[in-house]
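A.B. asks: Protein chains in written order, with the working numbering: chain L, 636 to 1031; chain D, 636 to 1031.
There are 2 protein chains.
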Amino acid sequence: MDIQNIRFAGRFSGISGSAIREIFKLLAVPGMISFAGGNPAADALPDEQCAFLAKELLLEKGKALLQYGATEGYAPLRESLVPYVKDRFFFSCGPDEILPVTGSTQAMDLLCKALIDPGDKIAVESPTFLGNMQCMRLYQAQLLPVESDADGIRVDLLEEVFKKEHPKMLYVIPTFQNPTGRTLSLERRKKIAALAAEYGVVVAEDDPYRDLRYAGTELPSIKSFDTEGWVAFLGSFSKVISPGLRVGFLCANANLLRKCIIGKQSTDVHTANLNQAIVDAYLRRGLLMPHVERICRSYREQMNTMLGLLAKCGGVARYTKPEGGLFIFAELNEGMDAVALLKSCVDRGVAYVPGTYFYPAGGHPNTIRLNFSMCTVDQIKAGMEKLDSVFSAQAK
Amino acid sequence: MDIQNIRFAGRFSGISGSAIREIFKLLAVPGMISFAGGNPAADALPDEQCAFLAKELLLEKGKALLQYGATEGYAPLRESLVPYVKDRFFFSCGPDEILPVTGSTQAMDLLCKALIDPGDKIAVESPTFLGNMQCMRLYQAQLLPVESDADGIRVDLLEEVFKKEHPKMLYVIPTFQNPTGRTLSLERRKKIAALAAEYGVVVAEDDPYRDLRYAGTELPSIKSFDTEGWVAFLGSFSKVISPGLRVGFLCANANLLRKCIIGKQSTDVHTANLNQAIVDAYLRRGLLMPHVERICRSYREQMNTMLGLLAKCGGVARYTKPEGGLFIFAELNEGMDAVALLKSCVDRGVAYVPGTYFYPAGGHPNTIRLNFSMCTVDQIKAGMEKLDSVFSAQAK
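(1) Looking only at its own chain, which residues have a Cβ that is under 8 Å from the Cβ of ALA986(L), when we skip the five neighbours before and after it?
(2) With respect to the alpha helix (DSSP H) encompassing ASN620(D), which residues constitute its N-terminal and C-terminal limits?
(3) To the nearest angstrom, report how far apart ARG881(D) and GLY970(L) are at their CA atoms.
(4) Please report the residue range of the beta strand (DSSP E) in which GLY697(D) lies.
(5) To which residues of the same chain is LEU944(D) closer than 6 Å at the C-beta, ignoring the five residues directly before and after it?
(6) Where GLY816(D) and HIS801(L) are concerned, what is the direct C-alpha to C-alpha distance, given to the nearest angstrom?
(7) Run the CB neighbour count on GLN639(D), radius 10 Å, all protein chains shown included, and call it buried at 16 or more, exposed below.
(8) Give a yes or no on whether 8 Å exceeds the smallest Cβ distance from ASP744(L) to chain D.
(9) Are the Cβ atoms of ALA907(D) and LEU885(D) separated by less than 8 Å?
(10) May I ask you to list, following chain order, the residues of the region 854–881 of chain L that have a beta carbon less than 9 Å from some beta carbon of chain D?
(11) Identify the residues that DSSP records as bridge partners of SER651(L): which are they?
(12) With distances taken from CA atoms, which of ALA889(D), GLY984(D), PHE811(D) and LEU693(D) is nearest GLY673(D)?
(13) Compare the Cα-Cα distances from VAL1025(L) to each of ASP982(L), ALA828(L) and THR737(L) and report the closest residue.
(14) Hey, does GLU683(L) have any beta-carbon neighbour from chain D nearer than 8 Å?
(15) Please work out which residues of its chain come closer than 7 Å, Cβ to Cβ, to ASN813(D), disregarding the five sequence neighbours upstream and downstream, and give them in chain order.
(16) Are GLY870(D) and GLY879(D) touching if we call contact CB-CB under 8 Å?
(17) Count the other CB atoms within 10 Å of the CB of LYS858(D); is the residue buried (16 or more) or exposed (fewer)?
(18) Helix, strand or coil, according to DSSP, for ASN767(D) in the structure here?
(19) Residues of chain L with a CB under 9 Å from the CB of LEU891(D): which are they?
(20) As a quick exercise: from ARG642(L), PRO681(L) and PHE643(L), pick the residue whose alpha carbon is nearest that of MET924(L).
(21) From the DSSP output, read off the bridge partner residues of PRO735(L).
(22) Taking Cβ positions, are LEU967(L) and ALA946(L) nearer each other than 8 Å?
(23) Flag LEU734(L) as yes if its beta-carbon sits less than 8 Å from any beta-carbon of chain D, otherwise no.
(24) Thinking C-alpha only, which one of LEU830(L), SER933(L) and PRO989(L) is nearest ASP791(L)?
(25) Can you check which of these residues, SER1027(D), GLN741(D) and ASP731(D), is closest to ALA839(D) by C-alpha distance?
(26) Using a threshold of 8 Å, state whether the C-beta atoms of LYS894(D) and ALA749(D) are closer than that.
(27) For ASP903(D), tell me which candidate among THR737(L), SER877(L) and ALA828(L) has the shortest Cα-Cα distance.
(28) Could you pull the DSSP bridge partners for LYS756(D) from this structure?
(29) Report the neighbours of LYS825(L) on chain D: residues whose CB is nearer than 8 Å to its CB, in chain order.
(30) So, helix, strand or coil for ARG1004(L), using DSSP?
(31) Checking 8 Å against the spacing of the C-beta atoms, do GLN911(L) and TYR709(L) come in under that value?
(32) For ASP842(D), report the span of its alpha helix (DSSP H) as first-last.
(33) So TYR806(L) is in the beta strand (DSSP E); what residue range does that whole segment cover?
(34) With DSSP run on the structure shown, which of helix, strand or coil describes GLU794(L)?
(35) Can you confirm whether the region 677–697 of chain L touches the region 676–692 of chain D when touching is taken to mean that 3 or more C-beta pairs between the two stretches lie within less than 8 Å?
(36) Which stretch, first to last residue, makes up the alpha helix (DSSP H) that contains ILE963(L)?
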């Protein structure tokens, strides 16, 4: 039989891979100024420190690190995560409620594996992170978009959705959201924890950007207000140490986490031990926060430069003013088409991601997501000038 | 709502986690001689070499290794895998038919994600590898056990199953099979490739043990006889470098692999770059085969010691005589119950895995799987003496 006749699983109907990834292929041109990615700056990646840690750890306990590990995670990392989540996210959990994972993307995959049958509903912010929308769609979930405003997802609308649609899960990025850069207000955090318990909805709280704060005051996590165990917390070291190491963690009610662990057994057995041990060393030796402070200094300047130039950029009607993270979300004048304009911009040597891709139901053609972490201040100035020239011409 | 009322996904019905993992918890007793695992010997794990490679690679290209990588894999590793699969597995494939994965367990997960809808049928050897049975069951596949004999899975029975049951996939471990240690004959390899193309069945050929050969002559892979693209090949570096690094690879038809890559995007984004780069260094610098030769010398002696003692062990009716790998499979006298006897053995200080767990339909209570890689020759002698005393008493 011709291999062209192969039948793929139903979960792939309507899935075509990430639109963003196709854009990234356009960016390989040398000299391109990319506001499109979501990567840490090269300067923010601690290559030397990791080199010496990796060598030291492998010489000291290489026999254990190179052997099979427990699906439940590298025991020292589980231990060091307990005070870390308490200190940074303001909630307490025992070691049996923490699971190191292969990047927080895997946490989302495991939560869906544990909970989602085809047709189950998941409430999501509109707009939200593309990668996890694809994850949910591959589990054949029905996404229920809930509008967000300057204070994050609208909890009045969310309560209606919980009441009428009985979703199994809510997926939310509370701090410096991707793509908007917005932060969920304290009041709404409390309300979401209460609604989750009232309606029996698992909240997947995805908080990878929190430590990248350049202004304002940090807020407790939604999980810190969770008295019943309905909030699952997804943590990541991709933005503060290295995405290439693929280490994140999931905190959840022990019964739910147990299902995730069984799912993980047949997904990748366990997260690579060396990678977990490197992150453990960052936490245990107090290396993380000094590193984060250093990278925040640059990111702050980059963000402020971009915000300042956005105020003067032609065709830009409004934009978010984040207090941290990696992204600014802008709305162009009514009638402008960010997908169509991207080609002119790329030809001019600058790129962004059209905002429409982040909306579960599409639309919003005049929105764009801008990343500032991967460019120097000078590149940001040059790139914003290019955007201004393309958008101004179009806005006339 | 009480979190105890949480509804898990249907795929978890009847899934309880790995029985083997529960046995492993019994083994934490100091001094226990374990024939139960499937781990490499500590001595086989190249800790020093990995320490220096990790440091060198991170100092030389740490900025790239710590950054996000492509879902398609670390480009140098994809390149070095092409000659590696040609040399070791006797088939040719292009870089767009190779995907580095987070251990070959992930390859199985991605193949199931790409192909399996609930109720789809997968033909498997009986007995077969427990971990991947759990993977297939989590995709709600119906497993069709096919009997195997000294030459591996019986292709006459397999053809009947293909004809009558139209499975979507066949899962097979052709070389030094887990749990039997048996190797599929050359003739049957050719036949399986032909049957796959005739009936349109994807073959998942899982070959992690091939390089651990202590006698006899190596055989070409099933994929080397695959002219139509129906064979997907799962490779692993867990048994020859390190399981803790979590690096394997999947070779498949480009269309099928494309679906696996889309699945991988939302599973773990990509396999950790540093781990891929370490494996790449092993291949590129010719470090792998000298290392493999060294570890095979010990494993050979360990296997031969165990085989010699099995010939004299009370209660053992017959056992396989592998030419490599990590396992020997033994049948105790009719009426003996390996699950019940395990407790006495563990009390005596020696452990194995009852064979029944490896049979998709259970049964075969008088079978056991013995691993020889994790024990020294002296430990094997001591452990076999303990087994002999328990089994002989029972056999009377």
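Don't be surprised by glycine CBs; every beta carbon is placed ideally from N, CA and C.
C.D. replies: The short version:
(1) For the purposes of this step, residue 986(L) is taken as the residue at position 351 of the first sequence. Closer than 8 Å at Cβ, skipping near neighbours: ILE658, LEU661, LEU662, MET667, ILE668, SER669, PHE670, ALA671, LEU977 and CYS980.
(2) The structure shown has nothing for residue 620(D), since chain D only spans 636 to 1031.
(3) For this step, residue 881(D) is matched to residue 246 along the second sequence. For this step, residue 970(L) is matched to residue 335 along the first sequence. Going by the C-alpha atoms only, they are around 49 Å apart.
(4) Counted from its first residue, the second sequence places residue 697(D) at position 62. It is not in any beta strand (DSSP E) - GLY697(D) instead sits in the alpha helix (DSSP H) that spans 682–701.
(5) As a working mapping, residue 944(D) is identified with position 309 in the second sequence. MET1019, listed in sequence order.
(6) On the second sequence, position 181 is the one that residue 816(D) refers to. On the first sequence, position 166 is the one that residue 801(L) refers to. Their Cα atoms are separated by approximately 51 Å.
(7) Locating residue 639(D) in the second sequence gives position 4, where the first residue counts as 1. Exposed.
(8) As a first step, residue 744(L) is located in the first sequence; it is residue number 109 there, counting from the start. ASP744(L) counts as touching chain D.
(9) Position 272 of the second sequence, counting from 1, holds the residue named residue 907(D). Position 250 of the second sequence, counting from 1, holds the residue named residue 885(D). Their beta carbons are not under 8 Å apart, which means ALA907(D) does not touch LEU885(D) by this criterion.
(10) GLU863, GLY864, TRP865, SER873, ILE876, SER877, PRO878, GLY879, LEU880 and ARG881
(11) Here residue 651(L) corresponds to residue number 16 of the first sequence, with the count starting at 1. Paired residue(s): none; SER651(L) is not in a bridge.
(12) The residue labelled residue 673(D) in the question sits at position 38 within the second sequence. Of ALA889(D), GLY984(D), PHE811(D) and LEU693(D), the residue nearest in Cα terms is PHE811(D).
(13) Your numbering for residue 1025(L) matches position 390 in the first sequence. Of the listed residues, the one whose Cα sits closest to VAL1025(L) is ASP982(L).
(14) For the purposes of this step, residue 683(L) is taken as residue 48 along the first sequence, with counting starting at 1. Closer than 8 Å to some Cβ of chain D, the Cβ of GLU683(L) qualifies, so yes.
(15) Residue 813(D) sits at position 178 when you count from the first residue of the second sequence. GLY673, PHE764 and PHE962.
(16) Sequence index remark: in the second sequence, residue 870(D) carries index 235 (1-based). Sequence index remark: in the second sequence, residue 879(D) carries index 244 (1-based). Contact: no.
(17) Mapped onto the second sequence, residue 858(D) falls at position 223. It counts as buried.
(18) The residue you call residue 767(D) lines up with position 132 of the second sequence. Of the three classes helix, strand and coil, the one that applies to ASN767(D) here is helix, per DSSP.
(19) Along the second sequence, one-based indexing puts residue 891(D) at 256. By Cβ distance, chain L contributes ILE638, ILE641 and PHE643.
(20) Locating residue 924(L) in the first sequence gives position 289, counting from the first residue. Closest option to MET924(L), Cα to Cα, is PRO681(L).
(21) If you number the first sequence from 1, residue 735(L) lands on position 100. In the DSSP output, where bridge partners are listed per residue, PRO735(L) has PHE884(L).
(22) For the purposes of this step, residue 967(L) is taken as the residue at position 332 of the first sequence. For the purposes of this step, residue 946(L) is taken as the residue at position 311 of the first sequence. Contact: no.
(23) The residue you call residue 734(L) lines up with position 99 of the first sequence. So no, LEU734(L) is outside the interface.
(24) For the purposes of this step, residue 791(L) is taken as the residue at position 156 of the first sequence. Selected option, being the one with the closest Cα: LEU830(L).
(25) In the second sequence, residue 839(D) corresponds to position 204, counting from 1. Here the closest residue by C-alpha is GLN741(D).
(26) The sequence position of residue 894(D) within the second sequence is 259, counting from 1. The sequence position of residue 749(D) within the second sequence is 114, counting from 1. Cβ atoms of LYS894(D) and ALA749(D): closer than 8 Å.
(27) Working through the second sequence from its first residue, we reach residue 903(D) at position 268. Among THR737(L), SER877(L) and ALA828(L), the Cα nearest to that of ASP903(D) belongs to THR737(L).
(28) Along the second sequence, read from residue 1 onward, the residue named residue 756(D) stands at position 121. DSSP, once it has assigned bridges, lists GLN777(D) as partnering LYS756(D).
(29) For the purposes of this step, residue 825(L) is identified with residue 190 of the first sequence, where counting begins at 1. Result: empty, since nearest Cβ-Cβ is about 18 Å, beyond 8 Å.
(30) Taking the first sequence and counting its residues from 1, one reaches residue 1004(L) at position 369. Note: ARG1004(L) maps to strand in three-state DSSP.
(31) Indexing the first sequence from 1 puts residue 911(L) at position 276. Indexing the first sequence from 1 puts residue 709(L) at position 74. Yes, Cβ-Cβ distance for GLN911(L) and TYR709(L) is below 8 Å.
(32) The residue labelled residue 842(D) in the question sits at position 207 within the second sequence. It is not in any alpha helix (DSSP H) - ASP842(D) carries neither H nor E in the DSSP assignment.
(33) Looking up residue 806(L) in the first sequence gives position 171. Start and end: 804–807.
(34) By one-based count along the first sequence, residue 794(L) stands at place 159. Correct three-state label for GLU794(L): helix.
(35) yes
(36) Along the first sequence, read from residue 1 onward, the residue named residue 963(L) stands at position 328. Segment 962–967 is the beta strand (DSSP E) holding ILE963(L); no alpha helix (DSSP H) there.
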